[in-house]
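Note sheet for the following structure.
Numbering (full-length UniProt numbering), first residue to last: 1 to 314.
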């Protein structure tokens, strides 16, 4: 099964709880009125789109009605599709190509969202693209974090730089960037601590890690990616806002889209943070994390262009 087919299958719960319910609402009304908007609002909030994004989408629909692009309930879904694609594509550049020097990517997120697994899957993806990859065990605070990352390093066949538990995370980054530079490594993936409850400590640690990385590799870190668990719904958006206050984010990795009816949270992440969704994950397999494609996601969510997409994967 190709990735589009897995994405489409993974979004089945979201389609059932969100898209199908929206279709039911709009087709149940002979005319578009305030009562329909109220029902749409309830469905969107239940689908974990969030208050701000729900209001945005309802405003878009009202604009469509005013401009006569929407003339009856049957026009709502196609119009909503167009709005969602536009929202997801806005400022959502593709995953950057390697710069020609070592690209340092910090991976941040609270404990339990799957940071370590995400790093392993990113390592696998980049090695399959012909890139050389190194891992840095910068989460020296959590017990066994380095050991877990080492398992992924062994599984993907990439080197890892680690120190003892409780060591200075910046020292790990210094050694890792020096090694990656010396070996002309394309991608250095850096794990970081996820103890957001001590926000000021985490902020200072991440700043120090970034300063140290830039001493060895100019411009590092080129990316700081936040890992979010889609199954937590609006809590993921709250986490993202908190991390955005701590460190400048360049993108989001949204995992476990296949295990939830709350896939609508991707719209909230994009609308409320204004940060690109860089990667999406739809399974536990090592190949189940891919660069985010807004048009592909919309096709999977709304069951559009299915035959064409599947033919492209054959």
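Backbone N, C-alpha and C fix where the C-beta goes; we use that ideal spot for every residue, glycine too.
Assigned secondary structure, residue i (DSSP; H/G/I helix, E/B strand, else coil)
i           : result
residue 137 : coil
residue 195 : coil
residue 161 : strand
residue 11  : coil
residue 95  : coil
residue 148 : helix
residue 209 : helix
residue 69  : coil
residue 111 : coil
residue 16  : helix
residue 181 : helix
residue 22  : helix
residue 203 : helix
residue 27  : helix
residue 6   : helix
residue 142 : coil
Bridge-paired residues (DSSP) for residue i
i           : result
residue 224 : 106
residue 188 : 104, 134
First and last residue of the uninterrupted alpha helix (DSSP H) at residue i
i           : result
residue 46  : 34–46
residue 231 : Run containing residue 231: none; DSSP gives neither H nor E here.
residue 165 : Unbroken run through residue 165: none, as it is neither H nor E.
residue 313 : 306–313
residue 123 : 115–128
residue 79  : 76–89
residue 57  : 51–66
Terminal residues of the beta strand (DSSP E) in which residue i lies
i           : result
residue 291 : 289–291
Top-ranked residue by Cα proximity to residue i, from the options
i           : options            : result
residue 129 : 114, 186, 62, 163  : 186
residue 96  : 105, 260, 90       : 105
residue 162 : 217, 149, 252      : 149
residue 201 : 189, 215, 246      : 246
residue 46  : 120, 59, 21, 56    : 21
residue 174 : 61, 147, 214       : 214
residue 237 : 17, 51, 10, 32     : 51
residue 92  : 273, 281, 284, 311 : 273
residue 12  : 310, 297, 136      : 297
residue 78  : 90, 64, 88         : 64
residue 137 : 172, 120, 154, 158 : 172
residue 181 : 195, 191, 167, 134 : 134
residue 155 : 287, 306, 311      : 287
residue 89  : 276, 291, 284, 223 : 276
residue 83  : 53, 158, 102, 114  : 53
residue 169 : 153, 194, 158, 152 : 194
residue 265 : 232, 16, 259       : 232
residue 86  : 295, 306, 259      : 295
residue 143 : 269, 69, 192       : 192
residue 262 : 14, 131, 69        : 14
residue 210 : 199, 228, 234, 177 : 177
residue 26  : 310, 17, 76        : 76
residue 257 : 141, 242, 271, 280 : 280
residue 132 : 110, 102, 120      : 102
residue 113 : 100, 36, 228, 165  : 228
residue 44  : 57, 32, 34         : 57
residue 10  : 199, 259, 41       : 259
residue 251 : 40, 107, 100       : 107
residue 203 : 67, 242, 306       : 242
residue 32  : 70, 249, 221       : 70
Cutoff 9 Å: residue i Cβ touching any chain B Cβ
i           : result
residue 259 : The displayed structure is made up of one protein chain only, and chain B is not part of it.
Check: residue i C-beta below 8 Å from any heavy atom of the ligand MG
i           : result
residue 297 : Absence of the ligand MG from the depicted structure is noted, as is the absence of any ligand whatsoever, leaving it without description.
TODO: Output the residue ranges of the alpha helix (DSSP H) runs that lie fully inside the stretch 241–303 and measure 4 residues or longer, sorted by chain position.
DONE: Complete alpha helix (DSSP H) runs here, min 4: 265–273, 294–302.
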